[in-house]
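Participant:
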């Protein structure tokens, strides 16, 4: 598996999730600093999540058109810029604007990262690779929020956003190195799937090999004529449609048929 790419994607996922989730310990401080109410500051989470979901739906199409490498690198770099803008903003309006843009960049990175890693690993290891990427999101809740509370007590919420922005820049460089120019699935020719590729080796091993004699017997000769079938009838009847070479033509009628008026009428 491409462990370098998986590690870079996990780091980028950690930075994206930390940009919004680690804002929780600073709600009271942000409300006091921006001179707004705390419920209004809490709406930043909703703005980030809404932009995240909308951009995730568009990022798949955008990565197919522009290339996943460009989307991955640009989204993480854009996230670093928006985090710096939030740290330097002087009003709640600009904090909300930068937070919404940051959520859009996070959604674009998430969709492109899942698609890139899925195209680089085999089918049997795809679940494990995607699980490692999602571990970066889980580490945000496990490590990121307590770390934000501890570090934010020393440098404030603006300083913590700068730290997450630096982490996003590190993830940008790592993604640019590990992805490379030939990102999986982009500008690749269409390959028609075959049944043999879809079946496993065990299933293919169960199918018997086709022998030449069996194939010759199964395929009719172009000069051969279809065999004529003997029409259905009673063996004692003298129907002209029955073959004369059949041994049933010379067989006498059974005794019960001679006594039956119905059989005599049919004969």
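In our numbering, the protein residues as written are 521 to 787.
Every residue, glycine too, gets a C-beta built ideally from N, C-alpha and C.
No experiment lies behind these values; they were computed from the predicted model shown.
Confirm the yes/no value for this check: CB of residue 570, any heavy atom of the ligand GTP, distance under 7 Å.
Facilitator: Ligands displayed in this structure: none; no statement on the ligand GTP is therefore possible.
Participant: Starting from residue 534, trace the alpha helix (DSSP H) in both directions and tell me its first and last residue.
Facilitator: 523-541 is the span of the alpha helix (DSSP H), which, as asked, contains residue 534.
Participant: Starting from the Cα of residue 569, find the closest Cα among 521, 596, 656, 621 and give me that residue.
Facilitator: Among 521, 596, 656, 621, the Cα nearest to that of residue 569 is on 621.
Participant: Just the C-alpha distance for residue 565 and residue 687, rounded to the nearest angstrom, thanks.
Facilitator: Their backbone Cα atoms lie some 20 Å apart in a straight line.
Participant: Taking the alpha-carbon positions, what's the residue 613 to residue 551 distance?
Facilitator: So the alpha carbons of these two residues sit roughly 12 Å apart.
Participant: Helix, strand or coil, according to DSSP, for residue 639 in the structure here?
Facilitator: Three-state result, residue 639: helix.
Participant: Roughly how many angstroms lie between the CA atoms of residue 539 and residue 603, to the nearest whole one?
Facilitator: About 7 Å.
Participant: By how many angstroms is the C-alpha of residue 693 removed from the C-alpha of residue 616?
Facilitator: Going by the C-alpha atoms only, they are around 27 Å apart.
Participant: Pick helix, strand or coil for residue 611, following the three-state DSSP scheme.
Facilitator: Three-state result, residue 611: coil.
Participant: If you draw a straight line from the C-alpha of residue 678 to the C-alpha of residue 598, how long is it?
Facilitator: Near 18 Å, if we compare the C-alpha coordinates of residue 598 and residue 678.
Participant: Please state the DSSP three-state secondary structure of residue 684.
Facilitator: Of the three classes helix, strand and coil, the one that applies to residue 684 here is helix, per DSSP.
Participant: So, using beta-carbon positions, are residue 624 and residue 571 closer together than 8 Å?
Facilitator: Yes, Cβ-Cβ distance for residue 624 and residue 571 is below 8 Å.
Participant: Around the Cβ of residue 544, are there at least 16 other Cβ atoms within 10 angstroms (buried) or fewer (exposed)?
Facilitator: Per the 10 Å Cβ criterion, exposed.
Participant: When the Cα atoms are used, what is the spatial distance from residue 560 to residue 521?
Facilitator: Computed Cα separation, rounded: 45 Å.
Participant: Give the single residue among 567, 637, 593 whose Cα lies nearest to the Cα of residue 525.
Facilitator: The option with the nearest alpha carbon to residue 525 is 637.
Participant: In terms of alpha-carbon separation, which member of 608, 696, 600 lies closest to residue 633?
Facilitator: Of the candidates 608, 696, 600, the one whose C-alpha sits nearest the C-alpha of residue 633 is 696.
Participant: With distances taken from CA atoms, which of 609, 619, 576 is nearest residue 630?
Facilitator: For residue 630, the nearest C-alpha among the options comes from 576.
Participant: In whole angstroms, what is the alpha-carbon distance linking residue 699 and residue 590?
Facilitator: Going by the C-alpha atoms only, they are around 10 Å apart.
Participant: Go through its chain and collect everything with a Cβ distance to residue 682's Cβ below 6 Å, but skip five positions before and after it.
Facilitator: Cβ within range, chain order: 607.
Participant: Look at residue 533 and residue 645 and say whether their C-beta atoms are less than 8 Å apart.
Facilitator: Result no, Cβ atoms of residue 533 and residue 645 do not sit closer than 8 Å.
Participant: Which one of 579, 596, 574, 585 has the shortest CA to CA distance from residue 528?
Facilitator: For residue 528, the nearest C-alpha among the options comes from 596.
Participant: Quick check on DSSP: helix, strand or coil for residue 587?
Facilitator: If DSSP states are grouped into helix, strand and coil, residue 587 belongs with coil.
Participant: Between residue 653 and residue 680, what straight-line distance do the alpha-carbon atoms span, to the nearest angstrom?
Facilitator: About 23 Å.
Participant: Measure the CB-CB distance between residue 600 and residue 685 and report whether it falls below 8 Å.
Facilitator: It is a contact, given that the beta carbons lie within the stated cut-off.
Participant: Where residue 530 and residue 579 are concerned, what is the direct C-alpha to C-alpha distance, given to the nearest angstrom?
Facilitator: So the two alpha carbons sit approximately 18 Å from each other.
Participant: Note down, in chain order, each residue of its chain lying with its Cβ closer than 8 Å to the Cβ of residue 665, except the 5 sequence neighbours on either side.
Facilitator: Result list for residue 665: 541, 542, 544, 545, in chain order.
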